[in-house]
Amino acid sequence: MKFTLNVWRQNGPQDKGRMETYQVDQVSDDMSFLEMIDVLNEQLIHQNIDPVVFDHDCREGICGMCSMFINGEAHGPGRGVTTCQLHMREFSDGDTITIEPFRAKAFPIIKDLMVDRSAFDRIIQAGGFVSVNTSGNLPDANATRIEKSHADAAFDAATCIGCGACVATCKNASAMLFTSAKVSQFALLPQGQVEASERVLHMVNQMDLEGFGNCTNTGACEVECPKGISIENIARMNREYLSVSLTTK
Amino acid sequence: MSTSRGLFGTSLARKYWMALTGLFLCSFLVVHLLGNLPLLTGNQEAFNAYAHFMTTFPLIKAVSYLLYASILLHSIDGLVLARQNMAARPAGYVKYNGAANANWSSRNMALLGTITLLFLIIHLKSFWFEMHFGFVPNWTDAEGNLYKDLYTITVAAFQQTWYALFYVVAMLGLGLHLWHGFASAFQTMGWSHPRYTPMIKALGYGFAIMVPLLFASIPLYILLT
Amino acid sequence: MSSLNAHIPEGPLADKWTHHKAKIPLVSPANKRRLDVIVVGTGLAGSAAAASLAELGYNVKAFCFQDSPRRAHSIAAQGGINAAKNYQNDGDSTFRLFYDTIKGGDYRSREANVHRLAEVSASIIDQCVAQGVPFARDYGGLLDNRSFGGVQVSRTFYAKGQTGQQLLLGAYSALSRQVAKGRVQMFARHEMVELVVVDGKARGIIARDLVSGELERHSAHAVLLCTGGYGNVFYLSTNAMGSNVTAAWKAHRKGAYMANPCFTQIHPTCIPVSGHFQSKLTLMSESLRNDGRIWVPKKKEDAEAIRSGKKKPTDLNEEDRDYYLERRYPAFGNLVPRDVASRAAKERCDAGFGINKTGEAVYLDFASAIERYGKEDAHVQGIHHPTPEKIRALGEAIVESKYGNLFQMYEKITAQNPYKTPMMIYPAVHYTMGGIWVDYNLMTTVPGLFALGEANFSDHGANRLGASALMQGLADGYFVAPYTVGTYLADDIQTGKISTDSPEFAEAEKTARDRMEGFLNSNGNTPVEVFHRELGKIMWDQCGMARSETGLKKAITDIRALRERFYKEVKVPGKMHEMNPELDKAGRVADFMELGELMCLDALSREESCGGHFREEHQSEEGEAVRRDDDFAYVAAWEFADHDPGKAKLHKEDLVFENVKLITRSYK
Ligand SMILES: Cc1cc2nc3c(=O)[nH]c(=O)nc-3n(C[C@H](O)[C@H](O)[C@H](O)COP(=O)(O)OP(=O)(O)OC[C@H]3O[C@@H](n4cnc5c(N)ncnc54)[C@H](O)[C@@H]3O)c2cc1C
Ligand code: HEM
Ligand code: SF4
Ligand code: FES
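Protein chains in written order, with the working numbering: chain A, 1 to 249; chain B, 1001 to 1225; chain C, 2001 to 2668.
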């Protein structure tokens, strides 16, 4: 297969950036999208052009590192996949593909397609944890039974990989899906409920400080989220935050 | 070490106000529509009585201030949100396929709201302002009670093609605003449940079609008859 | 060849750890604040250690090369984590977990370490549940378990196919809490490129800020390497792209011994290689072997017909299929340990029964399981005469609830529906049991330098049992290092801050800079990737599932030649002071090329077959591995010497077994 790629090149945070056009051939349909970029990069190195910088690590859809905005969609046209899980068979021979970084004020561009998502870490630091120290004397893991449906829902929320596709997709660059997934995970578990009030206040506060947009409930995040995190989590966070705001002093 | 900023300031709080005022405006739309329906049957008396009632009954007067406040709050808050949202992505995408994952009206709430706002201003100018401060001819009903004849004013306005068309277009805008807005408000308030949310959505779509449609049918009816 | 002291505490096996902990000197809270600890790596081992040490009061600096600690490679672990909780009442105990691990490791691990691991395993689960890790639960709301290869009890805790993710996010949340408190300073997108040793003690590291490209000096009273495994020396592996040996290798060059580097785990169930530009292999969790049956055609004609696309697997009747694991190992069947399962697959494929285009794949079939579950469920639902379609549908639903995400992953990659046609799988490099040599306290041969998690060699001998790496990473990080690092630091309370202005720091920084500039100034024309691919091929062919003297010798020559070519011909674009992934990669590949040689050397010197290490010269007539306990019951610890990885000096730590009898592993 052959493709024409329009790739965003930007030398650093200060650079203005521009689109560049490259041709790649020798692409086979069972290559992943990132392997296609590998082919491009080997070619660019041979042509004395700096290879395209992009984030990636696990290449199996779990680390959340890869982050490309492909043909106007976060992680491209596939559903339930990260960029590394997108395969070239989703495209037709001869297609032109536009590749951009995830864009948001809170995700400054480092170089080319690589962005800084440390804002997500800071949101977690604000309260995305249960305050227990390491200890060999905690209650037995089976001491508290947890209703299966709650445990399952908590798990579903906890599968967020922190990729930022929700932010990249959202017309407002809102981080509600990400933040609410963590809030929900803990809100659904007895272990997390102890600090639930403080948690939601702090995490929302941090989310706002980072400069993410507001939630218009368009639902785009849920569609593009590679892990299928549901916007029910956003509703749950709205509910938690409202009840806390109404009841704290 | 609570960082609660209560019900102001945070992104979530802003949205609660949007949703509450939006839903309040929805309920107002229903009342307003019920009052307008006599125009369809040409019932001058019922309409003028309604207009009179609305401008004089004390409780309604109180509620009307709440209504003005809601419109103001909803509009200002909405525009503040829209500005923040734009600022959250200073450098836009070269290619952005919004249609792939969200419906059009959800992506254009501020635009649709602004259309509604423009409409409201013109609408209030031509009816509400005239009713309160402008000149409206008097009209006496069968029992000899004296009313302002808003009926005649309204019918006269709707007989102007441009006005009727403007009204219809604005209702289309409002319909689209509500197509997303109605159910969205419930999500914002966290009133979501796998069992009830589908019903709320269906209700929202019904509301977004029926209410503006009935509103729009009045000028069309008057224009065409 | 000197002998190594592992500092194993005296006393009966079951009491060693308790007694050891009781005797450990303590550091007062006020003094802890004056002690700095560097933790390199934020996987399970690193995050857990950094968080726990910070909770105790030490000043911690944590490093990872990804953009967030949450993305460490541990995130990818699928199947589960073992713990001797005996919740299923199926006869599990600390001793049985210990025994299974020792036996699974083919008697090449240290009894005392493994017993400690089994002892703390239960606390890990308590800790994780308290942190809000959403493990799978049954309808009664209690924790669920599954069983894993090589054992006969159900002791594996899991969170669907994302156990590593959930455990790591738990540890990451604990770490984040300490970052928020200012107890941990987090350096993401930083790569350790040198270890700094001052007066014989590990006192800091040189790290490259990957964003700015600057080299930074960081000092501490102790350095913990939690940098994961080096499976990527094979180029294709199930490891993440960035997994590397650099930190461990720099430590090796500064005096840390590498132990059993040739012990590599080849995982039997991975998606087969499909093309030249393939960048990594994807694991299909071992848990699939609970319900999947592995087979190849009985007749070569059938295999050929399938390869050429003339036949489909579903065309073959039961009697034409060779369920070779069930045939060869009736007692364990499809649940034999990984090394055994992998070699058996290779044996069948080498014999010409492979079933994909490359001839290197076997089937993993769920048809029987779907039918069995379907019938069970029909019974439960009170459906009396279910149609075959109904049974299939019910069965598929159950299989989906158990492995849905894995099946989906498979389908995404191969575009084949594993509910309808058997999966194709082949072994792939997955884990490295070998690693930095550590004593009982997890300290390396460089005082003050510790190694935790997959980076050390400690607990898995020559083969790791499934679901034991997560257990080890968290055990090391949460429950071992906080004690033993403290013991070491107790002597350092008077030392004061370590200066970064010493000649040792300057010299380490210079070494790192020179090396990088060397890459950038090389006039070659070949991308780093090409060399990595070549190295991988050498390693896979000669130091993979089967090894021989001639092959290994050839590999050593080839690797040395490749290394020479690399320095001459490599091309690294870009500059030093910028984000430059090619430069990072060059450094990593250079280290892999040195490690590769040492691995071959180690494999050559170990003239026996044990665990993942199979020497063709040492096999029985039926092709089973032959272990030689009399001569090789030792840990091979290699000391870097003469500036040449090939001249490493061997030190032996004799393994003493007082609590288990060495028997030939039999899964028949
Ligand atoms: C696909 C897959 C599935 C698996 N499934 C299971 C399973 O089901 N059960 C099980 O028990 N085990 C499983 N394992 C094995 C297990 O996941 C790993 O052994 C374990 O997670 C390793 O943890 P770690 O903390 O030692 O290192 P890692 O998680 O690999 O972390 C390494 C850390 O070191 C950092 N680092 C490395 N080099 C440097 C450097 N030079 N400078 C700075 N930082 C550096 C990295 O950034 C990272 O943070 C699986 C492994 C794979 C590959
Ligand atoms: C009768 C008039 C109106 C009604 C019934 C109405 C109703 C609603 C409702 C129900 C919502 C959904 C709130 C939520 O998502 O939680 C909404 C959103 C919105 N409205 Fe209105 N509205 C009206 C007029 C206006 C006006 C005049 C503006 C002025 C600009 C406006 C701007 C907006 C905006 C920008 C939003 C989206 C906010 C966001 O989610 O980001 N609306 N409206
Ligand atoms: S919610 Fe989904 S899209 Fe957003 S960060 Fe998590 S996994 Fe990515
Ligand atoms: S590279 Fe890990 S999710 Fe894509």
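Note that CB positions come from ideal geometry on N, CA and C, so glycine has one too.
Please read these numbers as outputs of a predicted model, since none were measured by experiment.
Residue i - partner residues in DSSP beta bridges
i: C:T2156; result: C:N2082, C:R2146
i: C:D2209; result: C:H2190
i: C:L2283; result: C:C2270
i: C:P2418; result: Answer by DSSP bridge pairing: none, since C:P2418 is not bridged.
i: A:V7; result: A:E20, A:I99
i: C:S2219; result: C:G2204
i: C:V1961; result: Missing from the structure shown is residue 1961 of chain C; chain C here goes from 2001 to 2668 and no further.
i: B:T1140; result: B:L1146
i: C:W2437; result: Note: C:W2437 sits in no beta bridge, so no partner.
Residue i: CB within 6 Å of a non-hydrogen atom of ligand 1
i: C:V2040; result: yes
i: C:A2159; result: no
i: C:G2213; result: no
i: A:Q191; result: no
i: C:Q2078; result: yes
i: C:S2068; result: no
Proximity test, Cβ basis, 7 Å: residue i and chain B
i: A:V194; result: no
i: A:Y22; result: no
i: A:T250; result: Nothing can be reported for residue 250 of chain A, as the shown portion of chain A is limited to 1 through 249.
i: A:N11; result: no
7 Å Cβ cutoff, residue i in contact with chain A
i: C:Q2185; result: no
i: C:Y2483; result: no
i: C:A2361; result: no
i: B:S1002; result: Confidence at B:S1002 is low in this model, with a pLDDT of 45, below 50, so its placement is unreliable and no value can be given for it.
i: C:M2001; result: Only weak support exists for where C:M2001 lies, its pLDDT of 46 falling under 50; the coordinates are left without a value.
i: C:A2130; result: yes
i: C:A2084; result: no
i: C:D2584; result: no
i: C:E2214; result: no
Any chain C beta carbon closer than 7 Å to residue i
i: A:K163; result: At residue 163 of chain A the sequence reads Cys, which differs from the Lys that was named. Chain C contact via Cβ: absent.
i: A:V223; result: no
i: A:Q206; result: no
i: A:I123; result: no
i: A:I99; result: no
i: A:T83; result: no
i: A:N238; result: no
Residue i CB to nearest heavy atom of ligand 4 below 6 Å
i: A:R59; result: yes
i: A:H56; result: yes
Distance cut-off 6 Å: residue i Cβ against heavy atoms of ligand 3
i: A:S162; result: The sequence given here has Gly at residue 162 of chain A, not Ser. Yes - ligand 3 has a heavy atom lying nearer than 6 Å to the Cβ of A:G162.
i: A:K171; result: no
i: A:K227; result: yes
i: A:F178; result: yes
i: B:A1082; result: no
6 Å CB neighbourhood of residue i in its chain, flanking five on each side removed
i: B:G1204; result: F1182, A1183
i: B:L1067; result: F1028
i: C:N2525; result: K2571
i: C:N2059; result: D2036
Close beta carbons around residue i, own chain, < 7 Å, minus the five adjacent residues each side
i: B:V1136; result: E1130, K1148, D1149, L1150, I1153
i: C:I2075; result: G2164, Q2165, L2168
i: A:V39; result: V24, Q26, V27
i: C:A2207; result: F2063, F2187, H2190, E2191, M2192, V2193, E2216, H2218
Ligand 2 heavy atom lying under 6 Å from the CB of residue i
i: A:C166; result: no
Contacting residues, own chain, Cβ-Cβ under 8 Å from residue i (five flanking each side not counted)
i: C:M2001; result: With a pLDDT of only 46 at C:M2001, under 50, the local geometry of the prediction cannot be trusted, and the value read off the model is given with reservation. Correct list, in chain order: K2649, L2650, H2651, K2652.
Cβ of residue i within 7 Å of any chain E Cβ
i: B:A1088; result: Checking the listed chains, one finds no chain E in this structure; the protein chains it contains are A, B and C.
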